[in-house]
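**Q** Can you read through this structure? Questions will come right after.
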């Protein structure tokens with residue numbers, strides 16, 4: 001027996017009546033992609049703008065390449081998350097959500 005709030009991972013699943021829509025902004029993959037992209041952009045900007053300083057032990061100038069490549073990698077991973085969300089959206093069936101929210105008669109028997 002499937003759970004009434006169980007969602008399909010593809011938009012091609014058969015409908016059981018009711019309105020179906022994508023999870024959209026409430027999909028955790030979008031939240032993760034947004035955070036990774038923000039941090040990635042901050043690192044790329046920091047690599048270009050901030051002076052990394054000098055190593056106090058050797059007196060040699062530090063490189064900001066670590067910030068650049070880490071920021072680029074984070075932006076690429078964020079793009080992969082967005083692509084994953086677009087290709088395999090989470091589909092929510094409003095009828096199943098409404099049925100799960102209605103109280104059952106005779107108490108809460110699970």
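Residue numbers (the numbering used here): 1 to 110.
C-beta atoms are modelled at their ideal positions from N, C-alpha and C, and glycine is treated no differently.
1. Take every Cβ of the region 57-72, pair it with every Cβ of the region 86-99, and state whether three or more of those distances are shorter than 8 Å.
2. Going by other Cβ atoms of all chains shown within 10 Å of its Cβ, with 16 needed for buried, is residue 26 buried or exposed?
3. Could you check the C-alpha separation between residue 98 and residue 53 for me, to the nearest Å?
4. From 80, 69, 100, pick the residue whose C-alpha is nearest to that of residue 29; which is it?
5. With H, G and I counted as helix, E and B as strand and the rest as coil, what does DSSP make of residue 94?
6. My guess is that residue 82 and residue 33 are in contact by the Cβ rule of under 8 Å, so how many angstroms apart are they, rounded?
7. Since residue 75 and residue 37 should fall inside the 8 Å C-beta cutoff, what is the C-beta to C-beta distance between them, to a whole number of angstroms?
8. Between which residues of its own chain and residue 78 is the CB-CB distance below 7 Å, once the five residues before and five after are set aside?
**A** Taking the coordinates as given:
1. no
2. The count along the chain shown starts at 1 and reaches residue 26 at position 26. Burial call: exposed.
3. Stepping through the chain shown from its first residue, residue 98 is reached at position 98. Stepping through the chain shown from its first residue, residue 53 is reached at position 53. For residue 98 and residue 53, the distance between alpha carbons rounds to 58 Å.
4. Residue 29 sits at position 29 when you count from the first residue of the chain shown. Out of 80, 69, 100, 80 has the C-alpha closest to the C-alpha of residue 29.
5. Residue mapping note: residue 94 aligns to position 94 of the chain shown, counting from 1. Three-state DSSP puts residue 94 in a helix.
6. Counting from one through the chain shown, the residue named residue 82 turns up at place 82. Counting from one through the chain shown, the residue named residue 33 turns up at place 33. So it is a contact: roughly 5 Å between Cβ atoms.
7. For this step, residue 75 is matched to residue 75 along the chain shown. For this step, residue 37 is matched to residue 37 along the chain shown. Rounded, the Cβ-Cβ distance is 6 Å, consistent with contact.
8. As a first step, residue 78 must be located in the chain shown, where it is residue number 78. Within the same chain, residue 78 has close Cβ partners 33, 36, 37, 40.
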